[in-house]
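In my numbering, the protein residues as written are 71 to 259.
All residues carry an ideal CB built from backbone N, CA and C; glycine is no exception.
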Amino acid sequence: MITIKSLKLRITSLAGTIVFGISCQTRTFDYENIAIAITSEAKTNLVQKLTTAIAEGGTKQAIPFCKLNAVGFTNQLGKKHGVELRRITDKPRNFSNSLSAEEKGIFLEIEKLKTSEGVFPKKTVTSDVSVTVYIPIPVGGLCLQCHGEPNQEIQKDTLAVLEKEYPGDLAKGYRVGDLRGLFSVKFPK
71 MITIKSLKLR ITSLAGTIVF GISCQTRTFD YENIAIAITS EAKTNLVQKL TTAIAEGGTK
131 QAIPFCKLNA VGFTNQLGKK HGVELRRITD KPRNFSNSLS AEEKGIFLEI EKLKTSEGVF
191 PKKTVTSDVS VTVYIPIPVG GLCLQCHGEP NQEIQKDTLA VLEKEYPGDL AKGYRVGDLR
251 GLFSVKFPK
């Protein structure tokens with residue numbers, strides 16, 4: 071015979087099992103904040119490494135360092151965090167950082183939505199197999215030594231090294247606050 075007490079116990083047990091099962095199956099991640107943390111680490115490390123290279127040998131000596139290390143460092147950091155991490159742009163210096171057709175639309179959308187305070191929005195795109203967060207990379211003052219106006223912010227000797235190391239380079243002519251590119255942080259589902 072089922073008593074009210076045993077029925078309540080069974081219902082409570084069943085409810086607990088359902089709640090536990092649901093909570094175990096629905097893991098929610100704050101993809102944007104995780105992407106911000108990963109890209110902040112990437113920016114900090116890249117700026118530190120470039121600043122050191124510039125201090126040791128000037129801007130023209132930092133260019134070969136950047137060419138040899140920037141993509142590899144980005145890839146390693148992505149692997150460390152279990153994501154595909156890329157730096158992409160509409161005006162590449164290294165053509166492996168070029169935008170896909172889909173990314174071009176995202177880039178233009180982010181660029182268009184720049185606030186009056188000069189802030190670019192982030193964008194998250196979800197598919198059946200992944201979640202990709204796009205984090206803007208605005209141009210800072212240090213960037214102009216290699217990405218500013220030729221023969222103005224970019225010195226002639228630096229420009230000569232850029233032309234030698236990066237034939238077909240498109241990554242010049244920026245001003246502080248322009249959208250240089252995006253970090254693409256792809257999380258597998």
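Residue i in three-state terms, based on DSSP
i	result
GLU181	helix
LEU155	strand
PHE165	helix
LYS174	helix
SER110	helix
PRO134	helix
LEU252	strand
TYR236	coil
VAL199	coil
PHE143	helix
Buried or exposed (CB count within 10 angstroms, at least 16 for buried), residue i
i	result
SER254	buried
VAL201	buried
LEU249	buried
VAL231	buried
PHE190	buried
LYS256	buried
THR109	buried
ALA112	buried
LEU169	buried
Alpha-carbon spacing of residue i relative to residue j, whole angstroms
i	j	result
PRO220	GLN146	32 angstroms
ALA125	GLN131	9 angstroms
ARG156	VAL141	8 angstroms
GLU173	THR159	9 angstroms
CYS94	LEU116	Bear in mind that the predicted position of CYS94 carries a pLDDT of just 44, short of 50, making it unreliable; the figure below should be weighed with that in mind. Roughly 38 angstroms separates the two Cα atoms.
THR114	THR121	10 angstroms
ILE207	LEU252	5 angstroms
Close Cβ partners of residue i (< 6 angstroms) along its chain, the five nearest in sequence each way excluded
i	result
LYS119	none
LEU214	GLU223
Test: residue i CB closer than 8 angstroms to a CB of chain C
i	result
ALA171	Annotation note: the requested chain C is absent from the structure, which comprises a single protein chain.
Beta-carbon proximity list for residue i, same chain, < 8 angstroms, skipping 5 on both sides
i	result
VAL209	HIS217, TYR244, ARG245, VAL246, GLY247, ASP248, LEU249 and ARG250
GLY211	VAL246
Segment contact flag, the region 226-241 with the region 154-171, C-beta cutoff 8 angstroms, min 3 pairs: A contact exists between the region 226-241 and the region 154-171.
For the region 216-230 against the region 142-156, do three or more pairs of beta-carbon atoms, one drawn from each stretch, fall closer than 8 angstroms, so that the two count as touching? No, the region 216-230 is not in contact with the region 142-156.
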